[in-house]
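To start, the structure under review is shown below, and the notes come after it.
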Amino acid sequence: MTSNQFDAGGEFDRQIRTLLDRGHHRAAGLSEEELAALLAPLRRTATERATGLEPSAAGRTPFVLVVTRDLVPIKEAVARTTLDGKKKPGFIDRNFPEDDLPGFVPTKEVELPDARAYLLFDVERGEEFCGAVPDDAMAAIAGRGRTLLTIEEGLAVVTQFPALLAKNKCFSLGGSRCGDRRVPAIWISQNAPKLGWCWAGNPHTWLGMASAADRAA
Numbered sequence: 001m002t003s004n005q006f007d008a009g010g011e012f013d014r015q016i017r018t019l020l021d022r023g024h025h026r027a028a029g030l031s032e033e034e035l036a037a038l039l040a041p042l043r044r045t046a047t048e049r050a051t052g053l054e055p056s057a058a059g060r061t062p063f064v065l066v067v068t069r070d071l072v073p074i075k076e077a078v079a080r081t082t083l084d085g086k087k088k089p090g091f092i093d094r095n096f097p098e099d100d101l102p103g104f105v106p107t108k109e110v111e112l113p114d115a116r117a118y119l120l121f122d123v124e125r126g127e128e129f130c131g132a133v134p135d136d137a138m139a140a141i142a143g144r145g146r147t148l149l150t151i152e153e154g155l156a157v158v159t160q161f162p163a164l165l166a167k168n169k170c171f172s173l174g175g176s177r178c179g180d181r182r183v184p185a186i187w188i189s190q191n192a193p194k195l196g197w198c199w200a201g202n203p204h205t206w207l208g209m210a211s212a213a214d215r216a217a
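Following this line, the structure appears as structure tokens:
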């Protein structure tokens, strides 16, 4: 492996360690060994698909290991996020009632390869869509053949790559909807990540639209 080649296996191992360090196994009701064993088969997929790609850079990353609400409840996943270099845990916006969360599920265009955990490839936070109407941003991403991120995928991005959630470069998560005009989003508030929502027709200068190339188990 040349010095400038992306080490997909090493990055996969780092993401496993991050989940364990942040206590995702406890939130899932598992031991460290049990969660690691459950996720271990994804390592081969990561190395086959991502080796040779460029490493993470501003606004993008080759892949992210996603743990869904079937393993870790969304509230617990939010609380295990932080901003880059900060310690304050993420939280849910008061305008996003906890009993609303179960209704925000993957849209019909989003097909999860596994209900528990999988890999998300070629992830972009989508700051080019800052200031765009979310409906327009979602249509543009669909036109490129890319997929919108779900709530769990957005939380996975911030968990593994907290620097991707930056001032004026936060992002919506159009892959999870509940049938109304609300679009989930994650942004910065009170020096911590905040999970909330914005209207599909209302643009925000600091809120883009995250997307990925595809998913695999």
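Residue numbers (the UniProt record's numbering): 1 to 217. Just so it is clear, CB atoms sit at the ideal spot from N, CA and C, and this is done for glycine as well. Nothing here was measured: the structure is a model prediction, and the numbers come from that model.
* Between which two residues does the beta strand (DSSP E) containing Gly179 stretch? -> No beta strand (DSSP E) holds Gly179; DSSP gives it neither H nor E.
* Let me know if Gly154 comes out buried or exposed under the rule of 16 or more other beta-carbons within 10 Å of its beta-carbon. => buried
* Determine the contact status of Trp206 and Lys169, defining contact as a CB-CB distance below 9 Å. => yes
* Option in Arg94, Asn191, Asp136, Arg146 with minimal Cα separation from Pro162 -> Asn191
* Asked: Three-state secondary structure (DSSP) at Ala8?
  -> helix
* Assigned exposure category for Gln103 - 16 Cβ within 10 Å defines buried -> One detail in the question is off: residue 103 reads as Gly in this sequence, not Gln. When all chains shown are included, Gly103 counts as exposed.
* To do: Compute the beta-carbon to beta-carbon distance between Phe6 and Pro62, rounded to the nearest angstrom, for a pair I have assumed lies under 8 Å.
  => 6 Å
* If we ignore side chains and look at the alpha-carbon of each, how far apart do Leu165 and Pro113 end up? -> 26 Å
* To do: Could you spell out the range, first to last residue, of the alpha helix (DSSP H) harbouring Val66?
  => From DSSP, Val66 is part of no alpha helix (DSSP H) but of the beta strand (DSSP E) over 60-67.
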